[in-house]
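The opening residue of the sequence shown carries number 266 in the numbering used here; numbering runs sequentially from there.
Glycine is no exception: its CB is placed at the ideal position from the N, C-alpha and C atoms.
Since the model is a prediction, treat every value here as computed from it, not as a measurement.
Presented below is the structure to which this report refers.
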Amino acid sequence: MLIGIILMTSTVSFTRNLYFKRGVVLKFIRLIQAGCLITGLSVAGSIALSPQHMEAQISQISSAVAQTVRRSDNLSSQDWWVDKVKSQATQSQGKYYQNCLFGDSISSGLKDTLGKETTNFAMGGLSSVSLVTQLNYLRAAGVQCQQAIIAIGTNDAWYVTRDDTFVANLKQCLALVRTLGATRVLLVPAFYSTLPASHDPTLAGTIQRVDEINSLLGSAAKAQNVDVVTNGLELLFKNDALKEELSYDGVHLNDKGNAIYRQFLLQVFQNQP
């Protein structure tokens with residue numbers, strides 16, 4: 266989208282520019298880079314463009330363009346991604362794993378730190394849509410898992426994923442994991458982002474949408490007789506938001522956050538009934 270910004274910098278002093286909060290400016294720039302349409306924004310001598318004014322402008326822009334900025338999960342139609350999934354399936358062909366982790370970039374950030382008994386199949390960008398594709402490739406490759414954790418929904422809250430589509434995909438994912446031989450399947454709810462990130466549609470879904478996704482996930486899990494595990498996960502969050510000191514960008518976990526998430530998953534895998 267075209268960006269209509271008129272900045273009459275001759276009337277704005279360098280001091281006033283310094284007055285802007287760094288976070289506010291960065292958020293403003295991200296919205297511009299995302300292609301948001303900003304009209305009627307002029308900085309003249311008669312307008313004191315304070316951080317509060319900028320926050321109000323950003324809030325209006327965020328609401329107006331949220332559905333435009335957010336995108337659908339089209340990974341399954343991307344050749345590079347399909348090749349990556351095929352490669353993953355080929356490398357795992359016919360193998361048996363005691364523990365399997367499926368999820369998005371939050372889980373893939375843990376890499377191979379969950380012990381030799383656990384394989385991390387998580388991939389960046391995954392939602393319930395692309396997870397179905399990944400699981401189909403793994404099933405075709407004869408991959409087997411004794412127990413599996415599915416940590417999905419965070420990107421569904423960000424992408425434009427309809428409620429009924431999410432529920433249908435989740436049920437299909439559970440069915441596919443069971444075809445891999447999993448006798449124990451657990452779900453991890455969608456993650457909240459930090460409060461600032463939750464207001465930025467270029468970064469994450471809103472807290473309200475995460476709550477909606479988790480409600481759907483809980484209902485589907487109950488219908489499928491699958492447990493949703495959360496004990497220990499609360500250390501990452503405060504007041505329904507990711508703690509800022511545990512994230513490097515408002516969405517993904519930093520080293521300290523990864524340590525908490527890793528310990529949570531290890532505990533879940535080890536606590537077999």
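Just reading off the beta strand (DSSP E) that Leu366 is part of, what are its end residues?
Taking the sequence shown and counting its residues from 1, one reaches residue 366 at position 101. Segment Tyr361 to Gly368, the beta strand (DSSP E) holding Leu366.
Beta-ladder partner(s) of Asp492, from DSSP
For the purposes of this step, residue 492 is identified with residue 227 of the sequence shown, where counting begins at 1. Note: Asp492 sits in a beta bridge opposite Leu451.
Grouping DSSP H, G and I as helix and E and B as strand, with all else coil, what is Leu302?
In the sequence shown, counting from the first residue as 1, residue 302 sits at position 37. Since pLDDT at Leu302 reaches only 46, below the 50 mark, its modelled position is unreliable, and the value read off the structure follows with that caveat. Three-state result, Leu302: coil.
Nearest neighbour of Trp423, chosen from Leu500, Pro466 and Ile417 [CA to CA]:
As a working mapping, residue 423 is identified with position 158 in the sequence shown. Trp423 has its Cα closest to that of Pro466, out of Leu500, Pro466 and Ile417.
Name the DSSP beta bridge partners of Phe502, please?
The residue given as residue 502 occupies position 237 in the sequence shown. Per DSSP, Leu507.
Mapping the DSSP letters down to three states, classify Asn519 as helix, strand or coil.
Counted from its first residue, the sequence shown places residue 519 at position 254. In the displayed model, Asn519 falls within coil according to three-state DSSP, outside both helix and strand.
Can you tell me whether Gln343 is helix, strand or coil according to DSSP?
Within the sequence shown, residue 343 is the residue found at index 78, counting from 1. Looking at Gln343 - three-state DSSP - the assignment turns out to be coil, as it is neither helix nor strand.
Please confirm whether Tyr526 and Asn519 have their CB atoms less than 8 Å apart.
Looking up residue 526 in the sequence shown gives position 261. Looking up residue 519 in the sequence shown gives position 254. Inclusion of Tyr526 and Asn519 in the CB contact set at 8 Å is not warranted, their separation being larger than that value.
I'd like the ranges of any beta strand (DSSP E) spanning at least 3 consecutive residues and lying wholly in the region 369-439.
Taking only runs of at least 3 residues, the beta strand (DSSP E) segments lying wholly in the region 369-439 are 383-385 and 409-416.
Measuring CA to CA, which of Glu499, Gly446, Tyr362 and Gln353 is closest to Gly380?
Your numbering for residue 380 matches position 115 in the sequence shown. Closest by alpha carbon: Tyr362.
Look at the Cβ atom of Phe367, then the Cβ atom of Ala387, and state whether they are nearer than 8 Å.
Numbered from 1 along the sequence shown, position 102 holds the residue referred to as residue 367. Numbered from 1 along the sequence shown, position 122 holds the residue referred to as residue 387. Taking a C-beta distance under 8 Å as the contact criterion, Phe367 and Ala387 qualify as a contact pair.
Just the Cα atoms here: how many angstroms apart are Asn479 and Asp421?
Residue 479 sits at position 214 when you count from the first residue of the sequence shown. Residue 421 sits at position 156 when you count from the first residue of the sequence shown. Each residue's alpha carbon lies about 10 Å from the other.
Alpha-carbon spacing of Val408 relative to Pro454, whole angstroms
Reading the sequence shown from its first residue, position 143 is the one you call residue 408. Reading the sequence shown from its first residue, position 189 is the one you call residue 454. One C-alpha to the other measures close to 24 Å.
Helix, strand or coil for Ser458? Go by DSSP, reduced to three states.
Residue mapping note: residue 458 aligns to position 193 of the sequence shown, counting from 1. Assignment of Ser458 by DSSP, reduced to helix, strand and coil, places it in the coil class.
With distance defined between alpha-carbon atoms, name the residue in Gly418, Thr383, Lys436 and Thr444 nearest to Ala488.
For this step, residue 488 is matched to residue 223 along the sequence shown. Minimum Cα-Cα distance from Ala488 among the listed residues Gly418, Thr383, Lys436 and Thr444 corresponds to Lys436.
Once the 5 residues before and after Ser370 are set aside, which same chain residues still bring their CB inside 7 Å of it?
Taking the sequence shown and counting its residues from 1, one reaches residue 370 at position 105. So the qualifying residues of the chain are Gly389, Gly390 and His517.
For Trp346, count neighbouring Cβ atoms within 10 angstroms of its own Cβ and tell me buried if that reaches 16, exposed if not.
Looking up residue 346 in the sequence shown gives position 81. Its Cβ being crowded by 16 or more others within 10 Å, Trp346 is buried.
Assign Leu403 to one of two classes, buried (16 or more other C-beta atoms within 10 Å of its C-beta) or exposed (fewer than that).
Numbered from its first residue, the sequence shown carries residue 403 at position 138. Leu403 comes out buried.
When you compare the CB positions of Arg336 and Val394, do they come within less than 8 Å of one another, or not?
Taking the first residue of the sequence shown as position 1, residue 336 is located at position 71. Taking the first residue of the sequence shown as position 1, residue 394 is located at position 129. For Arg336 and Val394, no; Cβs fall outside 8 Å.
Quick one: Cα of Ser357 to Cα of Thr495, how far?
Counting from 1 along the sequence shown, the entry for residue 357 is found at position 92. Counting from 1 along the sequence shown, the entry for residue 495 is found at position 230. Taking the straight line from one Cα to the other gives about 29 Å.
CA-CA distance, Gly359 and Val432?
As a working mapping, residue 359 is identified with position 94 in the sequence shown. As a working mapping, residue 432 is identified with position 167 in the sequence shown. Using only the alpha carbons, I get a separation of about 29 Å.
Let me make sure I understand the geometry here. Which of Gly497, Ser463, Gly483 and Gly522 has the alpha-carbon closest to that of Gln532?
As a working mapping, residue 532 is identified with position 267 in the sequence shown. The shortest C-alpha separation from Gln532 is found at Gly497.
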